[in-house]
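Scroll down for the structure; my scribbles are underneath it.
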Amino acid sequence: MCAIVSIVFGLYNVCRVIAVKVHSYGPGDIELQQDGTTSPQAIEHQMMEIARLIQDGASTFLKEEYFYTVIFILVFAVIIFFTAEQEPMVPYTTVPFLLGAFTSIISGYIGMQIAVRANVRTAKEARHSLDRGFNVAFRGGLVLGFTLVGLALLVLILLIIAYRQVFAAEMLLDRDEATLKMFEAIAGYGLGGSTVALFGRVGGGIYTKAADVGADLVGKVVEDLDEDSIMNPGVIADNVGDNVGDIAGMGSDLFGSFAEATCACLVISATSKELVATDAFYYPLMISAGGIVVGVFTAFLATNVMGVHEVEKIERTLKVQIGVSTIAMTPVLYILSMWCLPAEFKFLNVAEGGHVTNFKAFICTALGLWSGLIIGVLTEYFTSTNYAPVQ
0 MCAIVSIVFG LYNVCRVIAV KVHSYGPGDI ELQQDGTTSP QAIEHQMMEI ARLIQDGAST
60 FLKEEYFYTV IFILVFAVII FFTAEQEPMV PYTTVPFLLG AFTSIISGYI GMQIAVRANV
120 RTAKEARHSL DRGFNVAFRG GLVLGFTLVG LALLVLILLI IAYRQVFAAE MLLDRDEATL
180 KMFEAIAGYG LGGSTVALFG RVGGGIYTKA ADVGADLVGK VVEDLDEDSI MNPGVIADNV
240 GDNVGDIAGM GSDLFGSFAE ATCACLVISA TSKELVATDA FYYPLMISAG GIVVGVFTAF
300 LATNVMGVHE VEKIERTLKV QIGVSTIAMT PVLYILSMWC LPAEFKFLNV AEGGHVTNFK
360 AFICTALGLW SGLIIGVLTE YFTSTNYAPV Q
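Structure below.
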C-alpha cells in the first residue's frame, strides 16, 4: 500500500510541475514593450527554445546509453543463467536481475524526463518569486524520490510474493532453508539495479565532466565569456550533462543502493529461524514503507508551510525538512522494531551466538538514520559559503 502511495504522490507532484505553463510563441506573437524592452512573451519563447535543445540532447544521449546498457544486461543475464543459478536451467536469479535492471532504467528515465520539464518551469516561476521557483524545483525532486522508492518497493514485494509461490513446496519440507534460498535468488534484483547504475553514473558522469570542462575552456579561456553565457553553445551540452549524469545517473544509483541494501537485509534475516518463523524478515520493507509516510508529510512542510523568500533561506528550509524527517522517523522506527520483530532472536554463523533483541535492532537503525543527518549537516558546514571553512 505504501509503495502505491509513494508512486501516486510522485504522480501528484508531476501534475503540480506540469501545471506551470510555459508557452512557445511564434515570431508574430512577440512584441517589444512600450519602453522598448523585451516582452515577457519573447523571454518565455527563448526559455522554451533553450529547454527544447536541452531536452532533445538529454533524450538522445539517454537512448544511446540505454541501448548499450540493455545489450550488456542481456549478455550478463545469459552468463548468470548458465553460471550462477542454484539449479541448472532454472532462472531463479536471472529474473530478479532483469527486473532490477529494467526498473533502474525506468527510474533514471523518469528522473531525467521530469528534470528537463521542471528546469524551464523553475526558471519561469523564479522570475515571479523565489518561493514559487523553489516549490517547482523541490516538487521536481519529489517526483524522482517518491517514484523511485515506490517502484523499487512495489516490484520487490511482488517478486517476493511470486517467489513464495514458486518455493511453496520446498517451504513445506524445510522452511528455513527454502527461505534462505529464495532470498539469495532475489538478491539478483539488487545486482541488476547496480549494473545499470554503473552505466548511468560512469557513462553519464564522463559526459557531464567532458561537456563542463569543454564549455568552460572555450567560453572562459578562449572567448572570455561569462559563465553560462548565451553566446557559448557548449553551455547546452553542459546542461545536457547535468541532466543525464547528475539526475538520470543519480536516479539509477539511488535505486541500486536501495535495492542492494534491502536485498542484503533480506538474505541476512533469512539466517534467523525466529525471523523466518514469524515473517519478521519483512522488517526492512516496513522501514521503507514507514519512511514513505513520513516523507509525504514532511514534503508538505517545505512546500506549503515554510516559505522561501530569500536566497539565504533555501538551505535553512532544506535543513529543517531533513531534520524534521529524521526526528519524525525515529519513533516510527521504534514502533516498527517493537511490533515487527520478536523480543529476542539470533542469527546463524555469528560469533557469540548472534543473540539480538528488537530494541538493539531499533538502536542500529536509529544510529544509521541519525548518521545520515549528521553527515549531511557536516557536509553542508564544510562546503557551504555560509560557513567559516569556505569563507
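Numbering that gives the first Met the number 0 numbers the first residue of the sequence shown as 0 and each following residue consecutively.
Glycine included, every Cβ here is placed at the ideal spot set by N, Cα and C.
Annotation for Thr-261: Pro-283 place their beta carbon closer than 6 angstroms to its own, counting only its chain and skipping 5 residues before and after.
Under the DSSP assignment, Phe-145 falls in the alpha helix (DSSP H) whose first and last residues are 129-165. With contacts defined by Cβ atoms closer than 8 angstroms, Ile-3 and Gly-233 do not form a contacting pair. For a cut-off of 8 angstroms, the C-beta gap from Thr-316 to Val-307 is around 5 angstroms, short enough to register as a contact. For Glu-343, the enclosing beta strand (DSSP E) stretches over residues 343-345. A distance below 8 angstroms separates the beta carbons of Phe-344 and Glu-273. Rounded to the nearest whole angstrom, the CA to CA distance from Ala-117 to Val-165 is 43 angstroms. The bridge partners DSSP lists for His-354 are Lys-345. At a Cβ-Cβ threshold of 8 angstroms, Val-195 and Ser-256 do not count as neighbours.
Contact between the region 38-54 and the region 12-22 is present: 3 or more CB-CB pairs across the two stretches fall below 8 angstroms. By the 16-neighbour rule on beta-carbons within 10 angstroms, Asp-55 is exposed. For Lys-219, no alpha helix (DSSP H) run applies, since DSSP gives it neither H nor E.
The region 353-365 makes contact with the region 329-341; the number of CB pairs closer than 8 angstroms reaches 3 or more.
The beta carbons of Ile-326 and Gly-187 sit about 36 angstroms from each other, so the pair does not count as a contact at 8 angstroms. A Cβ-Cβ contact shorter than 8 angstroms links Pro-95 with Gly-191. Comparing C-alpha distances from Tyr-108 to each of Arg-174, Ala-210, Phe-254 and Leu-129 shows the shortest one belongs to Phe-254.
Along the region 301-345, the alpha helix (DSSP H) occurs as fully enclosed runs of 4 or more residues at 311-339, listed in sequence order. Of the candidates Asp-175, Val-239, Ala-301 and Ser-228, Asp-175 places its Cα closest to the Cα of Thr-277.
In this structure, the alpha-carbon of Leu-73 lies about 15 angstroms from that of Leu-197.
DSSP places Asn-385 in the coil class of the three-state scheme, outside both helix and strand.
According to the DSSP assignment, Val-239 belongs to the alpha helix (DSSP H) that extends over 233-242. A Cβ-Cβ distance of about 5 angstroms is found for the pair Asn-242 and Ala-114, placing them in contact under the 8 angstroms criterion. Per DSSP, the unbroken alpha helix (DSSP H) holding Lys-180 starts and ends at 174-185. At the C-beta level, Asp-215 and Gly-240 stay beyond 8 angstroms of one another.
Ala-18 carries a coil assignment under DSSP once its states are collapsed to helix, strand and coil. Counting along the chain, Thr-277 sits inside no alpha helix (DSSP H), nor does DSSP assign it H or E at all.
Contact between Asn-12 and Val-119 is ruled out by a C-beta separation of about 16 angstroms, above the 8 angstroms threshold.
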